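For the sequence shown, counting from 1, position 93 maps to 92 in numbering that gives the first Met the number 0; every step adds exactly one.
Note that the Cβ used here is the ideal one computed from N, Cα and C, for glycine as well.
If you're wondering where the values come from, they're calculated on a predicted model, not measured in any experiment.
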Amino acid sequence: MTDTTGAADGGRTEQYLPEELAALAEGRALRLRIVRHAETEHNVDHLMQGWSDSPITERGREQIVAVAKHLAGERFDLAFSSDLQRTRTTAEGILAALEPQPPIEYTEVLREWHFGSHEERPARDVWQEVIVEHGFEVDRELTALRAIGEQVGWRGLFDTIARLDTSGQAEQAAATVMRADAALERIIRGAAALPGHDRVEVLVVSHGGFITSLLRQLVPELTPDIILPNCSVTTVSVAAGTTVWTLDGLGEVALGA
0 MTDTTGAADG GRTEQYLPEE LAALAEGRAL RLRIVRHAET EHNVDHLMQG
50 WSDSPITERG REQIVAVAKH LAGERFDLAF SSDLQRTRTT AEGILAALEP
100 QPPIEYTEVL REWHFGSHEE RPARDVWQEV IVEHGFEVDR ELTALRAIGE
150 QVGWRGLFDT IARLDTSGQA EQAAATVMRA DAALERIIRG AAALPGHDRV
200 EVLVVSHGGF ITSLLRQLVP ELTPDIILPN CSVTTVSVAA GTTVWTLDGL
250 GEVALGA
């Protein structure tokens with residue numbers, strides 16, 4: 000099924016604390032297996048992707064086969080995916096390898112960060128504009144980005160991208176955080192409502208940038224410069240009766256992916 004509820008899902012105006020999100024599981028054990036989509040042509044061309052889409056490459060299709068094989072022996076009670084085509088295709092490939100197949104919800108709250116007019120532009124050009132905006136020299140790009148990050152944080156970096164957007168559609172960092180909260184609330188409440196197993200197993204398919212937003216809501220000590228490979232699997236869990244999230248695996252790549 001497809002859901003088209005926007006980022007305001009849940010109606011909250013304040014960010015959840017990690018323990019508050021864990022409490023939504025109502026004391027049940029929960030494990031999230033979070034998969035980034037397969038490689039796309041925009042990934043290969045180093046273009047800002049965001050809410051735009053591009054075809055999955057041949058290597059990307061091989062990655063889907065590999066991660067599906069890697070997860071095939073696991074039980075999943077529920078699945079969620081971004082509704083963009085690259086994540087939908089990745090999720091469908093994984094589900095085809097699962098027996099039984101869990102019900103899946105495709106939702107826009109799991110979409111990538113929205114970059115507005117920057118989408119489908121070379122990422123290097125966008126980052127160079129951010130560097131110039133903050134008064135640094137472009138010829139030392141990585142050093143400049145790190146320095147800007149230290150000054151204004153990851154939220155400041157992405158707020159600069161939004162400020163430079165000419166369409167008025169790019170997301171501010173605060174909006175992305177609230178959307179991540181809404182996504183996690185939906186996932187955790189959905190898992191808590193399921194009857195059956197002591198530990199609920201959930202598959203989530205999303206995007207590299209947005210997965211880091213999800214993770215920082217659960218494990219705030221993670222640094223914001225995480226880079227997750229295509230079709231990598233990140234695992235977070237909460238034990239029964241606790242409110243502490245555990246990072247059990249970060250950006251793990253299946254053999255052959």
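heavy atom of the ligand SAM below 7 Å from residue i C-beta
i, result
"Ala169", "In the structure shown, the ligand SAM is absent, as is every other ligand, since no ligand is present at all."
Simplified DSSP state of residue i, which is helix, strand or coil
i, result
"Arg110", "coil"
"Leu202", "strand"
"Glu104", "strand"
"Ile63", "helix"
"Val34", "strand"
"Trp50", "coil"
"Gly207", "helix"
"Ala78", "strand"
"His69", "helix"
"Thr165", "coil"
"Gly134", "coil"
Residue closest to residue i, alpha-carbon to alpha-carbon, out of the options
i, options, result
"Val237", "Ala65, Arg32, Arg154, Arg11", "Arg32"
Per-residue burial, residue i [other beta carbons within 10 Å of its own, 16 or more giving buried]
i, result
"Glu98", "exposed"
"Glu149", "exposed"
"Ile147", "buried"
"Ser231", "buried"
"Val235", "buried"
"Val34", "buried"
"His196", "exposed"
Residue i - partner residues in DSSP beta bridges
i, result
"Trp244", "Val237"
"Ala28", "Arg198"
"Glu251", "Val232"
"Thr39", "Ile55"
"Pro121", "Leu46"
ask   = Can we say the region 44–60 touches the region 23–30, given the rule of at least three CB pairs closer than 8 Å?
value = no
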